[in-house]
Every structure is written in C-alpha cells, then in structure tokens.
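Everything on this sheet refers to the single structure shown next.
There are 4 protein chains.
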Amino acid sequence: MAAPDPRALATLLVSCRDRRGLVAALAQLLYGHGVNIVDADQHTDSLAGYFFQRIHMDLRELHTDRVALERGVSEVAERFEMLTRIEYGERQKRVAILVSKYEHCLQDLLLRHRAGELPCEIPLVISNHEDLRAAVEPHGIAYHCLPIDRDNKGEQQLRMMELLDAERIDLVVLARYMQILTPEFCEAYAGRVINIHHSFLPAFIGGKPYHQAHRRGVKIVGATAHYATADLDEGPIIEQDVLRVSHRDSVNDLVRKGRDLERLVLSRAVRLHLEDRILIHGNKTVVFE
Amino acid sequence: MAAPDPRALATLLVSCRDRRGLVAALAQLLYGHGVNIVDADQHTDSLAGYFFQRIHMDLRELHTDRVALERGVSEVAERFEMLTRIEYGERQKRVAILVSKYEHCLQDLLLRHRAGELPCEIPLVISNHEDLRAAVEPHGIAYHCLPIDRDNKGEQQLRMMELLDAERIDLVVLARYMQILTPEFCEAYAGRVINIHHSFLPAFIGGKPYHQAHRRGVKIVGATAHYATADLDEGPIIEQDVLRVSHRDSVNDLVRKGRDLERLVLSRAVRLHLEDRILIHGNKTVVFE
Amino acid sequence: MAAPDPRALATLLVSCRDRRGLVAALAQLLYGHGVNIVDADQHTDSLAGYFFQRIHMDLRELHTDRVALERGVSEVAERFEMLTRIEYGERQKRVAILVSKYEHCLQDLLLRHRAGELPCEIPLVISNHEDLRAAVEPHGIAYHCLPIDRDNKGEQQLRMMELLDAERIDLVVLARYMQILTPEFCEAYAGRVINIHHSFLPAFIGGKPYHQAHRRGVKIVGATAHYATADLDEGPIIEQDVLRVSHRDSVNDLVRKGRDLERLVLSRAVRLHLEDRILIHGNKTVVFE
Amino acid sequence: MAAPDPRALATLLVSCRDRRGLVAALAQLLYGHGVNIVDADQHTDSLAGYFFQRIHMDLRELHTDRVALERGVSEVAERFEMLTRIEYGERQKRVAILVSKYEHCLQDLLLRHRAGELPCEIPLVISNHEDLRAAVEPHGIAYHCLPIDRDNKGEQQLRMMELLDAERIDLVVLARYMQILTPEFCEAYAGRVINIHHSFLPAFIGGKPYHQAHRRGVKIVGATAHYATADLDEGPIIEQDVLRVSHRDSVNDLVRKGRDLERLVLSRAVRLHLEDRILIHGNKTVVFE
C-alpha cells in the first residue's frame, strides 16, 4: 500500500476519563466504516485517570461517508463521555503571524512554509510596526500594521480580532510579538495562540530573560513555546530546547545564540499544532510526536 | 484506576505485513477477554508495507484465562499472518553479562539493577579474566572465569553456551566484552545479544574507534548499542548517543568521556529490551519508547 | 617534548581588575624562572572590567626554586593588585563526600576515583544515616555516621567540621546530602563545598523539584552543580545539563532519568574543581575547560 | 575599559613546533608596542609537539604603528620558526556563496549576514542554476548563473575562479553546491573553501547520506562542515552537530530535519572562519571558540 496523499488523511483526537473498552469501541467503529488506521498513539495519565488518543486515518476506502463516520464517532464519544475532534487533511489550517520588529522567527516560518514543512495557509501578518513589511509581501501575504500607543491597546486588539475573524484564522503565532494580549483575546483564541518565550520556562519569567540568565550565570539557556493564556508565561508548554553557554558569552551572545533556539522551538511547536499532534489538558500538553 | 503492579501487566508484540482491520481485530479480541489496554503504540513502515505494534496490557480483570487469551491471539495472528509474542510482567528475564577487564559498563548495570531500574534477574557474569570478580560477587551474582588463548576460542564459547543454557538465559549483554563471538553463538542467541560499540556506528567500524576518531579530528564522538550478529558492528542498532569533543581532547580524554556514553547507551538499550520495547525487522529496529 | 607527569605540573590562577601589561608581566616572569607554559586560558569580562587567567605550568626545568617562583608571582600580584593562587599537581586535594541515603552520586564518584578520573584523595564519607556504609568501606574509605534529630543539627555540623578539619579537607561534596548547611559551615568552607541540585536552576528552587517539574509540564529537566552558600540554591553555578522528557514520564520516571543527570553533572563539577579550572567571581563562575 | 569597537581589534594567529619561551616572547613584544591583549587562547598538541595560539588584540593605544608591529611579529616568528598571520578587524573578509537549487543554507547565511552575525561582505553568489536568483538579488548581491553540462565542467570552474579573483574573494562557501570541485580549484583556494556535508562524517561518505542513514537504521543523524580538499569528504572538519531520529522518520523526514542541522552547522563554521578562530594543521583543525 503506497503512502497516501496527506489530503486523503484525517486525524481523530480523543480525550476522556480512562475507561475500559474505549480503545476497542473506537477501533471497531472505524473498522466498520472502512477507515484504515495509518498510525495511532495513545497515552493514559494514570495519576489523573485520563486517557488521550490520536488516530491518523486513511479515508480513501470509506464504505460510508463522512457524515455517517462523524455521527458514529459522536455516538461512541457520548457513550464514553469523550471529547473528540476530527481534522481533515484536505482542509489546511489558516494561520496569522503577529510580529513586532524582530524578523528571525517570522523569516523562519515563512521559509519553512515555502519549503512545504508547514501544512497551512498564511493569509496575513499583523504587526504594530512597519519594519517587516518588506519581508512579508514578496511571499504574497498581506501585511497589516496596527500601531499601539499608550491609549489604544484594547482598541488595537479588537481591530486585530476583527481581522483574524474576517480571515477565519485557526491559529495565531506570536513570533516575538512583544505585546501582552488582553484577557479577552486570550479567551477568544484559547488553545489557538502559540507564543515563544526566550527562556527555559519557568526560569526567567517576565522581561529580558537573557539579561536575567547572564546575571545568574547559568551554563545553559533555553526557549519555550507555549499556548498563550491570560497568565503570562504560564500557559501549557508545547516544546522547549536549550543550548550551552559559558562565561565567555555576553548578553549579546546569548541574544544571538538564543535566536536560533527561538525559531527552531517555535517552528516545531507550530508544526506539531498544524499536524494535530497536541492535546491540551489543564495546564499541560500531551504531544504525540 | 491506580497504576497497576508491573507484575500484573503483560506485553503483546505484533509484526506483520500491513493489512486492513488488524488493529480492530486485536482491540476487539483483547476487549472480549477483559484485557485493559494500558498503553499501545504502533508503527506502519509504509515503504516496506510492514506493521508493528506493542500493546501493554493489564490482565487483572481477565474474564477468561491466559490459555484462552493466548489461543485467541494465535487465531488472530494466523488470520493476519502476524508474528506475535506475549511477555508476562511477573516473569523477569534472566540476563548474563559478559565482560573482559573494563568495569564501567558492568558497574553501571549492577547499580541500576540494585536501584530497581532494570526489571530482570542477573544470575551470572562471565569473563575471560579474573579482574572483575570482586566487583560482582558482593552482589550475590556468580562469576565465571573462562580464559581464552589462541587455541581454545571455539571451545570456550561452547562452554559459555552451556552455562547460559543451564541458567536459562534470555539476554546476553556484552559489557565491553572485547571478544568476537562465533557465528554459532550469534545464531543461537540471535536477537538476544546486545553489544556496545564505542563509536557512532557506522563511523569507525572495527578496532580502536577512539584512536580513529582522534586521527580524523571529529568534533563529536558517540557510542552505539546494537544486537550482535555474525557481521561485526553491522547488527540492528538499538540506541546511540554522542558528545562534543575538541582539539583539546587527547585519545585518553576521548576514552574517559566515552566511558560515560558507553554505559548510558548500553543501559538504555538493555532496559528497552527488558521492557519488550524493541522489534527487530531485517537489520533495523522499531523502538517503542 | 613528551607529555609530562601531571605531578610535575602546577596551576597558577589569577584574577584582578583588567589592566594593561599584566599578561606580559606574568609571561615574562614565568619565562625568567624557566617555567614552561603548557596551556594558558584567559578571560576578560569587559562589562565588569575584570581579568581571569589560568596558566598550566611545567616546572621540571625551573632555574630557580618554588620559593623564588612564589615570591616572584607575589611581587607581580602586588603590582597589579591580583589575587593569585598556585596549586601543585603533586599535592592531591583531600575530599570529603556527604551523603544521606541515595547512593547514585556517591557510587559514581567512588568509581570514577578508582578509575583515575578524579585526581584527589577521599579519606572520609559522612552521612546522617548508616545506609551507605557497605558501599564505602570496601574502597578503604572511613564512613562516619552522624545522625541528625530535631535538636542536634548545629551540634552535628560542628562535629562534622571537626572531622573535616582533622582530615585537612580541601573540598566537601554534597552528593545528595539533603540537609541544609548552617551559615557557619557555609562561611568556613566558602568556595569549597559543591552541591548538586536536581533541577535546572533557577527553575524549581527548593524542595521536590521533579514534582514541581512534572506539575508544570516541562519538556526538559535538568540538574545543576553549584557552590553552596548560605542562600539556598543561589550559589555560583558550575555546571548544568538537561534531558528531554515527555507527557509519558511520571514523577518516578523523572527521578530515574534525573539520577543520570545528577551524577554526570556533579562528577564534572568536582573534576573541574579538582583540576583548578574554576574561578569564582561574585555569584558567577569562570570555568576554563 | 569599555568593550572596543571590533574594527579597532586585530587577531594574531600563530602555529609552530612547541618551544620554550615563545609565549613570553610574543607577550613581551606585544606589550612593548602598546598592544592590549583582549583575549588569548592557546593549545599545545603534546603528541605532535605543536603549538597554536590566537591572540585577540586591541590596537587603539599602539605606541608605534602597524608596520613596526608587523615587523616585530615577523622577527619573533623567524626566531621561533612560527607561522603567523595578522587579521585586522577593520578589513572585512569577502565571501562568495556557491549554490545549486537548495535555498535553506543560502537563506540562513543571508539572513544572518543582515542581522550582523557574520562579519563579512558578500559581493556575489554563483550557481549552476537560475532558481535562487530571486532570493539573492533583493539583498543587493550579484547573482551569477554558470550552467554546467557534461562537457564544460573544467571551463565553468575556470570562469568561476575568474569571478572570485576579480572580486578578491577570501572565502568560498559551498551552501549545498552539489558539484565536485576540480583539484585545481581546491588547491587555489586551499583552506578557504567551506563545504557542508549532510552526514556525521566519516559516516555515510559520498552521495545520498540520508538514504544511507535510513537504510542503516541509525538513531542519530548529523551534518559536518569541513574545508574542501581534493579528497572528497576528507577535508579538515570544522564543526559537526547531530539530532535524534527514530523508526518513525522516513527519508523525507531525515531530509527535512537535516536541513536545520545543515544550516546551523554551516553558519557556525563560516562564523568561526570569519572571526579567525580556526587553525588548520594537517587534516585537523584547532578551533578557538
């Protein structure tokens, strides 16, 4: 059997209290509809008594149709009190990137998108500055500059949300956006905003983490991609990575070296989200790699 | 549901040509017998068209009994032309460690065993030298010294196989054993001998890999744990790891730093094997971590 | 010129405000005495305006003698207001290891010591429990058990300091000692007590860091070796390392995986100290690797 | 003393047979001319009996002038049979990048250059294809397309060398150029051509290393930046890095993941070269980080 076109695939995400028989019930249901399971990953958090599953499905030989399949899944979900979600490969997620003046994370996302690494559409980039317009528009992506001053912050975010809604955005990526989002924004896009923090959280929460790290004399620095929540730097962690530094590294060296971490970690987190590999549970993530 | 005692668990390993319906068939069968699936991991090698699965099962509420369960699995296995294997947690594997004169890997295995990290029994250590007797016997483990000279190699390995058979050994760990095994030995214990090679294979195949690495001026050295086969250094790779070196490192430094790699990589590979997380397919491994 | 016996080598450590001419002054002085510089490493912290140097010296062809050399170094030191220290390779540092009940760091140090990786003498191990006596005495090392109860903590540490003084201990290694040292102890042994903390400091300061890490859902855990100070977990960091974890790892898995980190990081820090590669400046270290 | 402008700095690189007194002679000479040593790093290869040094110098308070300084260095060099080289920070190296069709390494170099991470000028990019013209010209860099067919390879490389000579190129970077250079080219630019090989050399020498790695079933893949020599994949290694892979990774996954390695490793190697941190000795490098 040849590897199928990703557009013929779908992903079923499941989470619920752990109960006997749910794996079999789902497997049986899918088999009955002619779904071929390409890949399945599951995890039971025995402490929390919670069950998570990701099923990657080939729908090319579906006996029934999607409506019937979805109804079947709903019935099982109801029986086991599951949360379920089906994502179809043919529908690419729509992503908005928010930036300030730093280009490294933005460029990394745009180049990976062009290279086919990120299965999504990127209809727009929003910034509070004009600086990165020239980096964005040659990719055929709209660039919206919504400046912020002392008084218009709430208003600016409302305007931003209108743009995101108008473009039916599924995921907002804060690519070093450097602005705190309002609680309204965080709530409206809960689980759909990924931020990159330039430290190994929870070390160096807050501002200027490279300065903090330099002052503390750590031998390793890190970066953390997490879902944004109203509690700054406290959202569910998706991905982290680190690199070694030494007494020879100035704050500027940490900033330079850190840029490589930030873009790698952010891009990995975005890809994991786009491929429907992440389940959020409370303040933690289950990431099926 | 509390995390069950590992002794109440069992592992079912499956490999076969990829075919529709096999996941559902197994899930249904296990459910029918009252098996609770604690954890399941699967992989489809779409290039080779091959399917691999590891199911970690809780048998405490089995409706039937093990004989019935095994028969049920056999029937599904036959239908789908699967290779299957059930390992019961209550039966610990029996491990023999083979050493020459280096103690670091041996000590690491013994200390981890004492700390409860390696679920196995270690009834004996075999060496061609007396040197490590004092490191072994305080652990209550028998130490057999079977010296090798120019003429007795085949004979020595026959004697070794007798010891292993007498002790019903499931896994042989070459903890820097430094002797080439006869093809007869490799065949008799195919898939049940783990060797540690002190390089990042396939770089620096053969003898004195740290000297080779130093001569080539690499910036990273590694270690590789693999199943031993008659083709030296060519067996299926289980685990590898590396560390950075520089022009400052002499061959002795590489040897010293490498010891840490060797023992970590070997211990990880042994643990993966003992937890039935490895499936061998051709010259490669599927490792369900 | 063959690599000299380490016992014929000495190390000169220098720190001072950065000033012109000090490198030349020292180089000239050493040359004048017939010292051959095997290796020299220097660092200027241009922010703090501070200079650090480590000179590894071969004294086999000294024209003068050590008294004259030391006097010469003192004169240069006075001229440039340097702090200097000469450590002779022939004099091995004397190390005491403090433990509670965990054996992994202790065993690692003892095995490395036996393998010749740690250039020191280890005359004694002190514990507040009897548990690890059997791990220590076969190495020919004295084991002192000084129990602690609610009331005798200050007294116990005084008794400990008497033992350390009596044995002329140069370095105290807290190999998961699990007890807080009194400010008197920290002061008496300032810069001579190395502790291992089982987190990537400054994340998860305080108790039960693996539990904290699990609760926060981090994707990487770490360990930190630092000099002990009266401010708990705040002393100058010597060495850190990390490893990846996932949602699959329970607290117990973190503890198990962390043990490998702890012993590697602690042993590296101890070796760096024994080889006189660390200069402390304020709350940070310069580590000449 | 404030951190000086990099343009006021110079680097002195030294290599010679190890001899007594050379460190003092150089330190004394530099001091006599009013040079302030910002940073000095040295290495003695005791096996080869060879000495290497990198001295980073602040020339702002030179008593004499550069001609006198260079003459002084030459005299010491002659006395000790040293190879010496002085590189002035104010003169940026001129770099040509050679590419085929892959853009990831090229883009990475161009973006880092724009971010000020790479202290050099990049007057031109040469390719045997037209594909990457649009990625280059917006940076204000000339793009030369010199196609290759079966018959014109030698001629094409001659034409390339003319372009490089005309632009007084100091360093040629093969950013996945995918063409073998003629021995004449390698000789003319010995020590001045950096190539990126997409494997952990010396594993998987030759073509399609990711395919080779996938076939062998390694658990780690790597990338290697090295100076190009007439012996393909055998030149002095500058930098290497690796990342973990598993049975889940297809060849395409290795290619994708490897792109990140390739660009990181190549950019690091280029930066080390531009900062005059590399000394080549035989087939190995001394890299002063």
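Residue numbers (the working numbering), protein chains in the order written: chain E, 1 to 289; chain A, 1001 to 1289; chain P, 2001 to 2289; chain D, 3001 to 3289.
Virtual Cβ for every residue (Gly too), placed ideally from N, Cα, C.
Taking the C-alpha atoms as reference points, what is the distance between residue i and residue j?
i, j, result
"A:L1029", "A:G1072", "7 Å"
"A:G1235", "A:G1282", "9 Å"
"E:G290", "E:I238", "In this structure chain E extends from 1 to 289, so residue 290 of chain E is not present and cannot be described."
"A:F1204", "A:H1214", "11 Å"
"A:V1095", "A:G1258", "24 Å"
"P:V2035", "D:F3288", "24 Å"
"P:Y2210", "P:S2127", "23 Å"
"P:A2166", "P:E2155", "17 Å"
"D:I3055", "D:R3168", "26 Å"
"A:V1221", "A:R1256", "12 Å"
"P:L2047", "P:P2183", "31 Å"
"E:A134", "E:L164", "21 Å"
"E:F200", "P:L2201", "10 Å"
"P:A2188", "E:L98", "54 Å"
"D:R3007", "P:I2280", "31 Å"
"P:S2015", "D:M3057", "19 Å"
"E:R192", "E:V286", "15 Å"
"E:G116", "D:K3208", "21 Å"
"E:P300", "D:E3087", "Any question about residue 300 of chain E goes unanswered here, given that chain E covers just 1 to 289."
"P:T2084", "P:E2275", "16 Å"
"E:P147", "E:R159", "11 Å"
Within 10 Å of its beta-carbon, does residue i have 16 or more other beta-carbons around it, so buried, or fewer, so exposed?
i, result
"D:K3101", "exposed"
"A:H1273", "buried"
"P:L2013", "buried"
"D:D3041", "buried"
"E:A269", "buried"
"E:D65", "exposed"
"A:V1067", "exposed"
"E:L266", "buried"
"E:D151", "exposed"
"P:G2089", "buried"
"P:A2024", "buried"
"E:R277", "buried"
"E:G140", "exposed"
"A:H1043", "buried"
"A:D1170", "buried"
Taking the CB atoms as reference points, tell me whether residue i and residue j lie closer together than 9 Å.
i, j, result
"A:L1124", "A:L1059", "no"
"P:Q2157", "P:L2181", "yes"
"E:I122", "E:H113", "yes"
"E:D241", "E:L261", "yes"
"P:A2291", "P:T2229", "Shown here, chain P extends from 2001 to 2289; a query on residue 2291 of chain P therefore has no answer."
"E:L111", "D:Q3107", "yes"
"A:F1080", "A:G1032", "no"
"D:Y3227", "D:I3194", "yes"
"P:F2051", "P:D2018", "yes"
"D:E3247", "D:G3217", "Residue identity differs from the one stated: residue 3247 of chain D is His in this sequence, not Glu. Yes."
Quick check: does the Cβ of residue i come within less than 8 Å of any heavy atom belonging to the ligand ZN?
i, result
"E:L261", "In the structure shown, the ligand ZN is absent, as is every other ligand, since no ligand is present at all."
The segment 2067-2085 of chain P contacting the segment 2234-2254 of chain P, beta-carbon criterion three pairs below 8 Å = No contact exists between the segment 2067-2085 of chain P and the segment 2234-2254 of chain P.
Are there three or more Cβ pairs, one per stretch, closer than 8 Å when the segment 2165-2178 of chain P is compared with the segment 2097-2112 of chain P?
-> Output reads yes: the segment 2097-2112 of chain P touches the segment 2165-2178 of chain P.
- Query: What are the residues of the segment 1186-1205 of chain A that lie near chain D, defined by any Cβ-Cβ distance shorter than 7 Å?
  - Reply: Taking 7 Å as the Cβ-Cβ cut-off against chain D, the residues of the segment 1186-1205 of chain A that qualify are F1200, P1202, A1203.
Review point. Taking Cβ-Cβ distances below 7 Å as the criterion, which residues of the segment 3254-3284 of chain D are in contact with chain E?
Key: Listed by position, the residues of the segment 3254-3284 of chain D near chain E (Cβ gap below 7 Å) are R3256, D3260, L3264.
Chain-ordered residues of the segment 3036-3053 of chain D with a beta carbon less than 8 Å from chain P:
Residues N3036, I3037, V3038, D3039, A3040, D3041, Q3042, H3043, T3044, S3046, L3047, G3049.
Next on the checklist: Short of 7 Å Cβ to Cβ, which residues in the segment 2012-2025 of chain P face chain D?
Outcome noted: Residues D2018, R2020, G2021, V2023, A2024.
Name, going along the chain, the residues of the segment 3095-3111 of chain D whose beta-carbon falls closer than 8 Å to a beta-carbon of chain E.
Taking 8 Å as the Cβ-Cβ cut-off against chain E, the residues of the segment 3095-3111 of chain D that qualify are E3103, H3104, Q3107, L3111.
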